[in-house]
Amino acid sequence: MELLSPAGNTEKLKAALHFGADAVYLSGKKFGLRAASDNFDADELKSAVELVHKNGKKVYVALNILAHDADFDGMEEYVRYLDEIGADAVIVSDLGILSLVRKAAPSLAVHVSTQASVTNGYAAKFYADLGVARIVLARELSLDEIAAIREILPLEVELEAFVHGAMCISYSGRCLLSDYTAGRHANHGECAQSCRWEYAVAEKTRGEYMPVEQDGRGTYIFNSKDLNMIEHIPKLAAVGVHSLKIEGRVKSVYYVGSVTNAYRRALDIYESGKDCRLPKNIIDCLYKTSHRKFTTGFYFGEGGGQCYETAKPQSDYDFCGVVTEQCADGVIFEMRNRFRTGDMLEVLSSGCDDGKSFEVGEMKDADGNVVTDAKIVRQRLFIKTPFELSAGDMFRKKIK
191 MELLSPAGNT EKLKAALHFG ADAVYLSGKK FGLRAASDNF DADELKSAVE
241 LVHKNGKKVY VALNILAHDA DFDGMEEYVR YLDEIGADAV IVSDLGILSL
291 VRKAAPSLAV HVSTQASVTN GYAAKFYADL GVARIVLARE LSLDEIAAIR
341 EILPLEVELE AFVHGAMCIS YSGRCLLSDY TAGRHANHGE CAQSCRWEYA
391 VAEKTRGEYM PVEQDGRGTY IFNSKDLNMI EHIPKLAAVG VHSLKIEGRV
441 KSVYYVGSVT NAYRRALDIY ESGKDCRLPK NIIDCLYKTS HRKFTTGFYF
491 GEGGGQCYET AKPQSDYDFC GVVTEQCADG VIFEMRNRFR TGDMLEVLSS
541 GCDDGKSFEV GEMKDADGNV VTDAKIVRQR LFIKTPFELS AGDMFRKKIK
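The opening residue of the sequence shown carries number 191 in the numbering used here; numbering runs sequentially from there.
Structural data, given as structure tokens:
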């Protein structure tokens with residue numbers, strides 16, 4: 191099975207590769223559905239593809255807007271460029287864009303986006319007959335429904351399914367709420383996540399404000415829990431899922447690294463043939479980065495996916511820094527959240543997350559000055575560590 195991680199920018203791309211992704215998905219500056227992400231210009235796309243292929247991995251480029259006529263301006267040239275630089279596939283949701291890709295770059299593989307809302311075998315077979323290489327399934331499917339879809343498809347057509355991250359109140363992102371409430375078009379990548387706002391009702395005649403409450407904080411009637419399927423990888427494999435997709439191109443580099451690391455280790459245990467439950471520390475890793483309450487979505491049937499208490503993500507840990515290079519008796523790292531000497535830092539290292547921690551002792555800045563309070567974001571510091579680490583490893587601190 192393939193582990194597929196999000197890459198909203200070059201830093202996140204490197205984190206995904208460092209922590210074990212088999213493939214990444216990303217977008218150029220246009221035609222993708224995450225306008226809030228940094229994304230990649232033409233030169234950055236070329237460099238990204240080269241870096242991914244140098245690591246023996248794959249890169250898929252999102253071309254998944256629901257297009258209007260005006261959106262096709264420059265698209266054919268863009269598709270040819272993606273083919274020229276060696277993108278492994280493009281992700282599309284619009285049949286017009288699919289037709290254009292076939293014309294502009296006949297050999298470029300096409301993945302059908304979750305935005306196409308493939309929820310049945312007839313739709314899946316239709317896309318298979320058009321020659322697509324992979325179908326990214328709608329999030330609304332159960333395991334039994336996925337098994338039925340797999341049964342009628344040619345073996346060469348792969349199935350990809352989301353396993354972790356934010357869920358959408360609408361069918362795989364086909365939502366008008368953001369456009370209506372904030373003037374931001376979700377189907378062009380500008381979603382304001384209006385579904386996660388707090389709502390109330392008003393009595394029509396008198397205009398009396400009537401909060402929809404379960405407690406003093408109100409209720410969040412459209413707000414979904416986050417998907418978490420790390421304990422169910424064998425079940426996904428059994429129904430024919432080829433690629434496990436992590437949501438989160440607009441989330442932090444720490445989220446990408448931490449979640450990719452956890453799923454990499456879980457997938458390795460499954461593929462080793464060991465018949466055992468996942469170690470608790472792998473499961474717990476997903477609680478150490480920003481998340482809402484977790485759900486298994488629709489995989490085991492409907493129900494239990496809504497989060498009425500709050501729309502605010504939570505985490506028990508702060509991301510404190512990322513290692514840039516190993517030194518003789520420590521590392522150079524780039525600071526991200528404040529900490530001081532005497533604090534305990536936990537290490538997130540590629541292929542390992544066994545709770546290794548150390549007390550912060552000697553720190554110095556680039557000029558050799560002693561630092562006792564790391565409070566300048568992105569400042570490069572030297573810190574002594576008792577462990578051998580590598581560039582890309584991360585530090586985190588438990589929130590008191």
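All C-beta atoms in this analysis are idealised placements derived from N, C-alpha and C, irrespective of residue type, glycine included.
Item: From I287 to H258, what distance separates their C-alpha atoms?; Value: 10 Å
Item: Does DSSP put I162 in a helix, in a strand, or in coil?; Value: Examination of residue 162 is not possible in this model, given that the chain is present from 191 through 590 alone.
Item: Can you tell me which residues form a DSSP beta bridge with V513?; Value: F523
Item: For T479 and D533, what's the separation of their Cα atoms in angstroms?; Value: 19 Å
Item: Figure out for me which residue from K204, L290 and L298 has the closest Cα to the Cα of Y250.; Value: L298
Item: Please check the pair H301 and G447, which I expect to be a contact at CB under 8 Å, by giving their CB distance rounded to whole angstroms.; Value: Contact flag wrong, Cβ pair sits at about 24 Å.
Item: By how many angstroms is the C-alpha of R329 removed from the C-alpha of L434?; Value: 12 Å
Item: Take L538 and list the residues in its own chain whose beta-carbon comes closer than 7 Å to its own, dropping the five residues that flank it on each side.; Value: G447, S448, N451, D583, M584 and R586
Item: Can you tell me the Cα-Cα spacing of I342 and Y460, whole angstroms?; Value: 26 Å
Item: In three-state terms, what does DSSP make of P424?; Value: helix
Item: Starting from L333, trace the alpha helix (DSSP H) in both directions and tell me its first and last residue.; Value: L333 to I342
Item: Less than 8 Å between C-beta atoms, sequence neighbours within five positions excluded: which residues of the same chain meet that for I359?; Value: C365, L367, C385, F412, N413 and S414
Item: Rounded to whole angstroms, what is the Cα-Cα separation between C475 and N229?; Value: 27 Å
Item: Going straight from the alpha carbon of Y477 to that of G264, what length do you get?; Value: 42 Å
Item: Considering only the alpha carbon of each residue, which of A427, D284 and P469 lies closest to A351?; Value: A427
Item: Could you give the distance in angstroms between the alpha-carbon of Y312 and the alpha-carbon of G321?; Value: 15 Å
Item: Is it buried or exposed for V567, if we count other Cβ within 10 angstroms and need 16 for buried?; Value: exposed
Item: If you count every other CB in all the chains shown that lies within 10 Å of the CB of K441, and 16 or more means buried, which is it?; Value: buried
Item: Which residue's Cα is closest to the Cα of L535: V550, I473 and V512?; Value: V550
Item: Taking all protein chains shown into account, do 16 or more other C-beta atoms lie within 10 angstroms of the C-beta of F577, making it buried, or fewer, making it exposed?; Value: exposed
Item: Where does D458 land, buried or exposed, given buried means 16+ other C-beta within 10 angstroms?; Value: exposed
Item: Return the CA-CA distance between L327 and A306, expressed in angstroms with no decimal places.; Value: 8 Å
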